Amino acid sequence: MPPKKKTHEVTLALEAGNAAMVDLGKMLGPTGANMRAVKVEYDEATAKNRGEIIPVIVSVFEDRSHSLAYKTPPTSFLIRKALGIQSGASNPLTQTVGTLSQTQVKEIAERKLPDLNANDIDAAIQIVAGTARSMGVKLAS
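So the mapping is simple: my numbering equals the position in the sequence shown, first residue as 1, plus 69.
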């Protein structure tokens, strides 16, 4: 049997274990995918990470079937979660919203490594540190 032909590919950032049908409808409506099936599959797969934002790539095929590929949460989300803050600084040059320890930076880098353009943990740490600085987060020495 020949491989199915992909007709659409949509990337969504949804709340783990509780995807909103409104968000799915806006993005998946034009593709003809079964939104209810996507929601159920997503919610079951991400239920253990409830409360996090888990991006997913939805591939829709000619026969309207779909496949889901899960990503790691955005780096900024993981930094905000580690610090317990709602958002980064509005002006990161003059404001500081918190301080991340080296341990926290390494934990975030290890979690993000599969999705980052980095070959090793040291490069991933540099990427996470750069995101933190752009949010107005200081790094502990």
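Beta carbons are placed, not taken as given, at the ideal position from N, Cα and C, and that holds for glycine.
Please read these numbers as outputs of a predicted model, since none were measured by experiment.
**Message:** Using only CA atoms, which one of Gly86, Ile123, Pro72, Leu81 lies nearest to phenylalanine 146?
**Reply:** Within the sequence shown, numbered from 1, the residue matching residue 146 stands at position 77. Nearest option by C-alpha distance: Ile123.
**Asked** Applying the criterion that 16 or more other CB atoms from any shown protein chain within 10 Å of the CB defines a buried residue, is glutamine 173 buried or exposed?
**Response** Within the sequence shown, the letter at position 104 stands for residue 173. Its Cβ being crowded by 16 or more others within 10 Å, glutamine 173 is buried.
**Prompt:** So, are the CB atoms of glycine 86 and aspartate 112 less than 7 Å apart?
**Reply:** As a working mapping, residue 86 is identified with position 17 in the sequence shown. As a working mapping, residue 112 is identified with position 43 in the sequence shown. The answer is yes: Cβ separation under 7 Å.
**Item:** Bridge partners - tyrosine 16, DSSP secondary structure assignment
**Value:** Because the chain is modelled from 70 through 210, residue 16 falls outside the range shown and cannot be assessed.
**Request:** May I ask you to report which of helix, strand or coil DSSP gives glycine 167?
**Result:** For this step, residue 167 is matched to residue 98 along the sequence shown. In the structure shown, glycine 167 sits in a strand (DSSP, three-state: E or B).
**Request:** Have a look at valine 79 and glutamine 155 and give me their C-alpha separation to the nearest angstrom.
**Result:** Here the question's residue 79 lines up with position 10 in the sequence shown. Here the question's residue 155 lines up with position 86 in the sequence shown. Those two C-alpha atoms are separated by around 27 Å.
**Request:** Tell me where the alpha helix (DSSP H) around glutamate 113 begins and ends.
**Result:** Taking the sequence shown and counting its residues from 1, the one referred to as residue 113 is at position 44. Start and end: 104-115.
**Backbone CA spacing between threonine 200 and glycine 167 [nearest angstrom]** = In the sequence shown, residue 200 corresponds to position 131, counting from 1. In the sequence shown, residue 167 corresponds to position 98, counting from 1. The straight-line gap from Cα to Cα measures roughly 13 Å.
**Prompt:** Which value, in whole angstroms, describes the spacing of the CA atoms of lysine 181 and asparagine 103?
**Reply:** As a working note, residue 181 is residue 112 in the sequence shown. As a working note, residue 103 is residue 34 in the sequence shown. Approximately 30 Å, taken between the alpha carbons.
**Message:** Tell me the DSSP secondary structure of glutamate 84 in three-state form.
**Reply:** Counting from one through the sequence shown, the residue named residue 84 turns up at place 15. Correct three-state label for glutamate 84: strand.
**Message:** If distances are taken between C-alpha atoms only, which option among Ala158, Met96, Ala138 comes closest to glutamate 110?
**Reply:** Within the sequence shown, residue 110 is the residue found at index 41, counting from 1. For glutamate 110, the nearest C-alpha among the options comes from Ala138.
**Asked** What residues in its chain sit with their C-beta under 8 Å from that of threonine 163, if we drop five residues either side in the sequence?
**Response** Here the question's residue 163 lines up with position 94 in the sequence shown. Same-chain partners within the cutoff: there are none.
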